[in-house]
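Counting along the sequence shown from 1, when you hit position 121 you're at 121 in the UniProt record's numbering, and nothing is skipped either side. Beta carbons are placed, not taken as given, at the ideal position from N, Cα and C, and that holds for glycine. Quantities reported herein were computed from a predicted structural model and do not represent experimental measurements.
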Amino acid sequence: MLHVGVISIFPEMFDAIARCGITKRALETGIFRLDRWNPRDFTNDHRRNVDDRPYGGGPGMVMQVEPLQSAIRTARKAIGEPVRVIYLTPQGRRLDQAGVRELAARERLILVCGRYEGVDERLITMEVDEEWSVGDYVLSGGETAAMVLLDALTRWLPGALGHEDSAISDSFANGLLDCPHYTRPETVDGHRVPDVLISGNHKEIALWRCKHALGQTWLKRPDLFDSLRLTCEQQALLQEFIAEDDGKSDPCSRFGKTKIPKKSAPAQGTPRLDPIATR
């Protein structure tokens, strides 16, 4: 079970993930537990203030150490050790699928949601274990970032998804974007589902999915190839996709010059990107 505590002055925002989708199912089945603590409940101020003006001047307000620290320590006792305290901030490590899997392997987390101009730096020094970011942009608070993280984490919990292989075949799970997907009807306004997908030939379907996952990555996120080592088979499939595309798509116009990744056999210990695992 994944047990997560959230520190937020707007704990009611997390009602949404308890009412909908995969997170709701995970909570109901007991593989995910979510508790919330409001720093305003740990103030000595009758106004329940949790922020003050920054030393040195400047715009905005800064969240104070004491209410957040008390909330975190209360959460630690309730959740139990070992627990990792995570602060959601644009200054943190950027979240990606590898990071999600890393965090999902832990059983206890506390997510600290900042507001205003952020939190007093001393709180980070004294109480925070890791800082994570959901991207290079600024949100009004850490709550929406925390919900993004919680949704991503829940997908990796055993039993959370309807199909056990769904998380494994997601985009980025093996370093590539996902391949295109189709459902009924077979034809919409003259656009047909690719014949191979309705052929029943599972080997050919797996190869098609691998080829188009490689192709989608080449078209839309060629930078992902920088950290991949393609097998000879994958290189051939990508070259086949590029030849078939034949200028129909122009990745250079959107992403700058797109390089075709060089052929390279996997180094010892490097996982092979299995075409069958790519949907």
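Look at serine 8 here: in three-state DSSP terms it is coil, with no helix or strand label. Within the DSSP bridge table, the entry for valine 193 names no partner. As computed with DSSP, threonine 187 is found in a beta bridge with Arg192.
Rounded to whole angstroms, the Cβ separation of glycine 5 and tryptophan 37 is 6 Å, and the two are in contact under 8 Å. Counting along the chain, the unbroken alpha helix (DSSP H) around leucine 153 starts and ends at 142-154. In the DSSP assignment, serine 70 falls within the unbroken alpha helix (DSSP H) covering 65-79. If the five residues before and after threonine 154 are omitted, its C-beta is found closer than 8 Å to the C-beta atoms of Leu2, Ile22, Thr23, Ala26, Phe32 and Ala160, all from its own chain and listed in chain order.
Taken through DSSP and simplified to helix, strand or coil, leucine 228 comes out as coil.
Bounds of the alpha helix (DSSP H) holding valine 100 are 97-104.
For aspartate 15, the enclosing alpha helix (DSSP H) has its first and last residue at 15-19. Here DSSP, grouped into helix, strand and coil, assigns proline 59 to coil.
Counting along the chain, leucine 177 sits inside no alpha helix (DSSP H), nor does DSSP assign it H or E at all. Per the coordinates, the alpha-carbon of glutamate 127 lies some 18 Å from the alpha-carbon of aspartate 35.
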